[in-house]
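Residue numbers (the working numbering): 86 to 131.
In structure tokens form, the structure reads like this:
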């Protein structure tokens, strides 16, 4: 779980995809991206 100030996301890494959702709204919308896309995002964010 990542976040601060009560704004958190959950990230589930699966073999071919990564799933991202709001931890405070687990039944709400979510994102699904490729592992490569997630790795590029994390790399650019750090």
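All residues carry an ideal CB built from backbone N, CA and C; glycine is no exception.
Simplified DSSP assignment, three categories, for residue i
i: residue 131; result: coil
Residue from the options with nearest C-alpha to residue i
i: residue 135; options: 108, 92, 101, 112; result: Nothing in the structure corresponds to residue 135, since the chain is present only between 86 and 131.
i: residue 124; options: 92, 104, 93; result: 104
i: residue 97; options: 126, 128, 120; result: 120
i: residue 111; options: 131, 126, 93; result: 93
i: residue 108; options: 99, 114, 95; result: 95
Residue range of the unbroken beta strand (DSSP E) whose run includes residue i
i: residue 119; result: 115–119
i: residue 37; result: An answer regarding residue 37 cannot be provided, because it is not within the stretch 86 to 131 covered by the chain.
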